[in-house]
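Note sheet for the following structure.
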Amino acid sequence: MNIEASCFVFPDPEQVDPQGEGIVGIGADLSPSTLLEAYCHGIFPWFSKDDPICWWSPDPRCIIYPKQFQPSKSLIRQLKKDRYTITLSHAFEQVVRACAEPRAYAQETWITEGIITGYTGLHDAGLAHSVEVWEGTQLVGGLYGVQIGQAFFGESMFSRQTDVSKMAFCFLMKLCAASDFAWVDCQLPNDHLMSLGATTLPRREFLQQLKTVIMQVPPNWQAFTARAFPTQYILTTDAFLDLIH
5 MNIEASCFVF PDPEQVDPQG EGIVGIGADL SPSTLLEAYC HGIFPWFSKD DPICWWSPDP
65 RCIIYPKQFQ PSKSLIRQLK KDRYTITLSH AFEQVVRACA EPRAYAQETW ITEGIITGYT
125 GLHDAGLAHS VEVWEGTQLV GGLYGVQIGQ AFFGESMFSR QTDVSKMAFC FLMKLCAASD
185 FAWVDCQLPN DHLMSLGATT LPRREFLQQL KTVIMQVPPN WQAFTARAFP TQYILTTDAF
245 LDLIH
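Just add 4 to the spot in the sequence shown (first one is 1) and you have my numbering.
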C-alpha cells in the first residue's frame, strides 16, 4: 500500500507553540497520509472521544535510548521462564483494539475507530508495527507504534498478565538497539515510562534530530515478522543482530 501526500500542512511546533504548552493544531483527519505528515514533523494526535482532533508536540519530549535500556532483575527472571512467546506485527489491529479497552484507572479511551483505521493503514503500508505477547494462542499483552526511517514512535501498550507489556517493551528496545535507532519516542513522560528508563529531551533538540533519523534507510525486519520467539530470546542481543545484519 502506497500513501499519497497529505492535503494538510502541519506547522513548526516551535513557531506556533513558543511557550511549550504542547498543543499545536486542531482539526484535519486521521488518514494514513495525515498521520505520516504529522509524525514527520514531530506531531501526534491525542484527544478525547467526543472532542475535535487535537495535535500535540510536547516540550520536553519523552524518549528512551534503546542501547541504554536494561531490563530489571525481576523482568529477566520472568523472561527466563519461557511461559510466553513474542511476535512482531502478527496481530496489529488486535493489539490496537486491546490498547483501546478500558483500564482500571480510566474508562475512557483516546483510541477511537478513526485512530484504529488510520494506524492500521500505516501498518498496511509498512510504517507501523506491533509487538505481541502470547500465552499459547491467547494474546495477553503488547504495544504498537509508528516506524519511519530509523525512528520509532511508541503509541500505547496493554497487559493482561503481570509484566507482559514490559516484555513487549523489552523486545522493542532490543530490536531498535540492533537497528541502530538513536531513540524511541515515548511522547509524554509518566511514572511507568520513567521506571523503564525513559528520559526527556528539549523539544527543539528532538525536532532537530528527527529531521535526520526519519531520512535514514529503514531496517529490514522481515526476519522478525516471519517468526515467533520464546521470551528467553530477548535476553540475547547478538540474536537480534544476526537477524538484522
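Heads up, the beta-carbon is just placed ideally off N, CA and C, and yes, glycines get one too.
It should be emphasised that the depicted structure is a prediction, and the values quoted were computed from it without experimental measurement.
Which of helix, strand or coil DSSP assigns to D128
Numbered from 1 along the sequence shown, position 124 holds the residue referred to as residue 128. If DSSP states are grouped into helix, strand and coil, D128 belongs with the helices.
In angstroms with no decimal places, state the Cα-to-Cα distance between F14 and D86.
Counting from 1 along the sequence shown, the entry for residue 14 is found at position 10. Counting from 1 along the sequence shown, the entry for residue 86 is found at position 82. Cα to Cα, the separation comes out at about 45 Å.
Nearest-angstrom Cβ-Cβ length linking Q165 and E139, presumed shorter than 8 Å:
What you label residue 165 is simply residue 161 of the sequence shown in a count that begins at 1. What you label residue 139 is simply residue 135 of the sequence shown in a count that begins at 1. Yes, they are in contact, since the Cβ atoms of Q165 and E139 sit about 7 Å apart, within 8 Å.
Are the CB atoms of S134 and G146 within a distance shorter than 7 Å?
The residue labelled residue 146 in the question sits at position 142 within the sequence shown. The residue labelled residue 134 in the question sits at position 130 within the sequence shown. A contact, by the Cβ cut-off of 7 Å.
Give a yes or no on whether the C-beta atoms belonging to W187 and I67 are separated by under 7 Å.
By one-based count along the sequence shown, residue 187 stands at place 183. By one-based count along the sequence shown, residue 67 stands at place 63. Result yes, Cβ atoms of W187 and I67 sit closer than 7 Å.
Look at G24 and W60 and say whether their C-beta atoms are less than 7 Å apart.
Residue mapping note: residue 24 aligns to position 20 of the sequence shown, counting from 1. Residue mapping note: residue 60 aligns to position 56 of the sequence shown, counting from 1. The answer is no: Cβ separation not under 7 Å.
Tell me, which residues are paired with R101 by DSSP?
As a first step, residue 101 must be located in the sequence shown, where it is residue number 97. DSSP, once it has assigned bridges, lists no residue as partnering R101.
Segment limits, alpha helix (DSSP H) that includes E8
As a working note, residue 8 is residue 4 in the sequence shown. Where E8 is concerned, there is no enclosing alpha helix (DSSP H), given that its DSSP letter is neither H nor E.
So what does DSSP say about R231, is it helix, strand or coil?
Within the sequence shown, the letter at position 227 stands for residue 231. Coil at R231, not helix or strand.
Scan the region 24-76 and note each continuous beta strand (DSSP E) run of 3 residues or more that stays entirely inside, going in chain order.
27-30, 58-60 and 65-68
For the pair the region 80-95 and the region 48-59, tell me if three or more CB-CB distances fall below 8 Å.
no
Give me the Cβ distance between Q220 and Q154, rounded to the nearest whole Å; I'm assuming they're in contact under 8 Å.
The residue you call residue 220 lines up with position 216 of the sequence shown. The residue you call residue 154 lines up with position 150 of the sequence shown. Correct: roughly 4 Å between the Cβ atoms.
Measuring straight from C-alpha to C-alpha, what distance separates A232 and C11?
Position 228 of the sequence shown, counting from 1, holds the residue named residue 232. Position 7 of the sequence shown, counting from 1, holds the residue named residue 11. Using only the alpha carbons, I get a separation of about 39 Å.
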